[in-house]
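Contents: one structure, followed by commentary.
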Amino acid sequence: MKLIDMQSGKAAGFTFSATRPDKLGATEYTLVSVVTDRTGSVGHFAKELLAMKRAVVEACQKSPRAAYLLLRQLEFNTRVTEIHGFAELSSIDPAAYVVPTTSGMTALYDATMAAVSATNAYAKKLADADFGVNAIVFVITDGDDNASTSYGPKDIAREVLAGVSAEWLESIRVVLIGINAAQYRLQLQSFTAQAGVDQYVDVADATPGTLARLARFVSHSISSQSQSLGTGGPSLALVF
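Going by this note's numbering, the first residue of the sequence shown is number 395, and it counts up by one from there.
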């Protein structure tokens, strides 16, 4: 992606970048955020997570809705880091993604808030420019929050509702994905309920096979949400 085509913004104290509305070619977009855990405990399957992220992009690039998707990638541990901002798929080279350096603790709440708030902020810019917009957010983790300093589940729940209430977004779906997270299942299910998250998916073991299946689930969910744009509501949750 060309830096000249990007603009920066701030939402809920987090910075983000996104393609300038005047550089976009379509009239409607689905904003996609993929937020991936890079704490120390995912180190032994970091390469498989990288393969999953690449596979999601490659699958979406082949989708009939590819021209109507804007993708943002984030990673988090104690801090939240943007890998790249909301960009058209044609400008993204999945081979440029690298294995993350894994360390630190799990700021799950802050990372989720960073993703949803940036989605709302960018959706407002697009809606003000007469684009049709919906969104889907995936948050992938292997554990419960133990490091967030700014936000909690109730803050996230309010933010999830804000974009649709303000009519910047036609709809938004938020999907929490637990990998190797069986011991935290109850906590993650509780977070799902309290934070207004639409779906919790338990992937179980982080094998190459299950993460390849996860990539298909994510890409199919993105396609389904994009196809729902213009219907007045979100897509239905897919079964993993």
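All residues carry an ideal CB built from backbone N, CA and C; glycine is no exception.
Using 8 angstroms for Cβ pairs, my map puts residue i next to residue j. What's the rounded Cβ distance?
i: P494; j: R414; result: The pair is not a contact, with the Cβ atoms about 28 angstroms apart (cut-off 8 angstroms).
i: Q619; j: N514; result: That pair is no contact at about 16 angstroms.
i: E442; j: L464; result: About 26 angstroms separates the two Cβ atoms, so there is no contact after all.
i: V554; j: V510; result: 6 angstroms
i: V569; j: Q588; result: Contact flag wrong, Cβ pair sits at about 16 angstroms.
i: G479; j: F410; result: 6 angstroms
i: Q581; j: D538; result: 4 angstroms
i: R459; j: Q621; result: 6 angstroms
i: I616; j: T424; result: 7 angstroms
i: F408; j: A508; result: 4 angstroms
When burial is assigned at 16 or more other CB atoms within 10 Å of the CB, is residue i buried or exposed?
i: A512; result: buried
i: E561; result: exposed
i: A420; result: exposed
i: Q637; result: As shown, the chain starts at 395 and ends at 634. That puts residue 637 outside it, with no answer to give.
i: D504; result: buried
i: G434; result: exposed
i: L623; result: buried
i: T430; result: buried
i: V492; result: exposed
i: R579; result: exposed
i: N574; result: buried
i: T506; result: buried
i: V426; result: buried
i: P628; result: buried
i: V428; result: buried
i: V612; result: buried
i: S542; result: buried
i: V633; result: exposed
i: A489; result: exposed
i: S565; result: buried
i: L563; result: buried
Where do the ends of the alpha helix (DSSP H) carrying residue i lie?
i: T421; result: Premise fails: T421 is in no alpha helix (DSSP H) and is neither H nor E.
i: L443; result: 440-455
i: F611; result: 602-621
For the beta strand (DSSP E) that contains residue i, what are its first and last residues?
i: T409; result: 408-413
i: S584; result: Counting along the chain, S584 falls outside any beta strand (DSSP E), though it belongs to the alpha helix (DSSP H) covering 579-588.
i: A631; result: First-last for A631: undefined, no H or E at that position.
i: Y594; result: 593-598
i: T433; result: Counting along the chain, T433 falls outside any beta strand (DSSP E), and DSSP gives it neither H nor E.
i: I571; result: 566-573
i: R466; result: 463-470
i: I486; result: Here I486 belongs to no beta strand (DSSP E), and DSSP marks it neither H nor E.
i: A460; result: Unbroken run through A460: none, as it is neither H nor E.
i: A405; result: 400-405
Of all Cβ atoms in chain C, is any one closer than 7 angstroms to the Cβ of residue i?
i: T495; result: No chain C appears in the structure shown, which is made up of a single protein chain.
Are the region 498-505 and the region 471-483 in contact at 8 angstroms, needing three or more beta carbon pairs?
-> Note that the region 498-505 touches the region 471-483; at least 3 beta-carbon pairs, one per stretch, sit closer than 8 angstroms.
Given 8 angstroms, three or more beta-carbon pairs between the region 433-453 and the region 511-531 | The answer is no - the region 511-531 does not touch the region 433-453, with fewer than three Cβ pairs under 8 angstroms.
Which parts of the region 493-558 are runs of the beta strand (DSSP E), unbroken and 3 residues or longer, counting only runs that do not cross its ends?
-> Whole beta strand (DSSP E) segments, 3+ residues: 526-535.
Does the region 531-539 come close enough to the region 403-414 to have 3 or more Cβ pairs within less than 8 angstroms?
-> No contact exists between the region 531-539 and the region 403-414.
Just checking, does the region 542-549 make contact with the region 595-605 on the three C-beta pairs under 8 angstroms criterion?
-> The region 542-549, when compared against the region 595-605, does not touch it at the 8 angstroms Cβ threshold.
Is the region 605-622 in contact with the region 434-453, if contact means three or more CB pairs nearer than 8 angstroms?
-> Using a C-beta cut-off of 8 angstroms, the region 605-622 makes contact with the region 434-453, since at least three inter-stretch Cβ pairs fall below that distance.
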